[in-house]
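Below you'll find the structure, written out as structure tokens, and then a few comments.
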Amino acid sequence: RGGGAEPMEVASSDKAQARAKAPIAASARQADPVAAAALVRTPVPSDENVPNEKLFLQGLPAELDDMALQMLFQQFQGFKESRTVPGRVGIAFVEFNLPAQASIARERLQGFKLTDEHFMQISFAKR
Numbered sequence: 008r009g010g011g012a013e014p015m016e017v018a019s020s021d022k023a024q025a026r027a028k029a030p031i032a033a034s035a036r037q038a039d040p041v042a043a044a045a046l047v048r049t050p051v052p053s054d055e056n057v058p059n060e061k062l063f064l065q066g067l068p069a070e071l072d073d074m075a076l077q078m079l080f081q082q083f084q085g086f087k088e089s090r091t092v093p094g095r096v097g098i099a100f101v102e103f104n105l106p107a108q109a110s111i112a113r114e115r116l117q118g119f120k121l122t123d124e125h126f127m128q129i130s131f132a133k134r
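In terms of my numbering, the sequence shown has 57 at position 50, counting the first letter as 1, and numbering is strictly consecutive.
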């Protein structure tokens, strides 16, 4: 009979450990509800944050032409073309072969100072 009581002690010990852990997990969720909510709600990136092969440039000086843009961006692998937008001052597009290549150029030239008043703002072009 003494051997029969032993499995019951192990089983009740396992249940006790499980009960002890449950309040800790619940209290952790209660202690940091913001972190718990962040795990549940993943923000959907807006179009300009979705990496693709085309970059949209803003904040360009009026005197910046296609040749100057090409000189800035051709240093990056995968550069295809750059073009200002006729009739629109201060904006342009630059295209690369791959989204990863465009991402590198974006990271390296973000906020690049073109003149004392003009700092390049780069986002991924909307599709």
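By construction, the Cβ of each residue, glycine as well, lies at the ideal position given by its N, Cα and C atoms.
Mapping the DSSP letters down to three states, classify residue i as helix, strand or coil.
{"i": "residue 62", "result": "strand"}
{"i": "residue 119", "result": "coil"}
{"i": "residue 111", "result": "helix"}
{"i": "residue 80", "result": "helix"}
{"i": "residue 36", "result": "With a pLDDT of only 49 at residue 36, under 50, the local geometry of the prediction cannot be trusted, and the value read off the model is given with reservation. Of the three classes helix, strand and coil, the one that applies to residue 36 here is helix, per DSSP."}
{"i": "residue 51", "result": "Any reading at residue 51 is ruled out, since the residue's pLDDT is 49, under 50, leaving its predicted position unreliable."}
Taking 9 angstroms as the cut-off, decide whether the C-beta atoms of residue i and residue j are in contact.
{"i": "residue 98", "j": "residue 63", "result": "yes"}
{"i": "residue 65", "j": "residue 129", "result": "yes"}
{"i": "residue 60", "j": "residue 119", "result": "no"}
{"i": "residue 101", "j": "residue 121", "result": "no"}
{"i": "residue 80", "j": "residue 105", "result": "no"}
{"i": "residue 58", "j": "residue 112", "result": "no"}
Using alpha carbons as the reference points, say which of the options lies closest to residue i.
{"i": "residue 124", "options": "95, 68, 58", "result": "68"}
{"i": "residue 94", "options": "56, 122, 70", "result": "70"}
{"i": "residue 114", "options": "127, 121, 122", "result": "127"}
{"i": "residue 90", "options": "73, 80, 96, 84", "result": "73"}
{"i": "residue 86", "options": "92, 107, 96", "result": "107"}
What does residue i pair with, by DSSP beta-bridge criteria?
{"i": "residue 99", "result": "64, 91"}
When every heavy atom of the ligand GTP is checked, does at least one fall within less than 8 angstroms of the C-beta of residue i?
{"i": "residue 73", "result": "No copy of the ligand GTP appears in this structure; indeed no ligand is present at all."}
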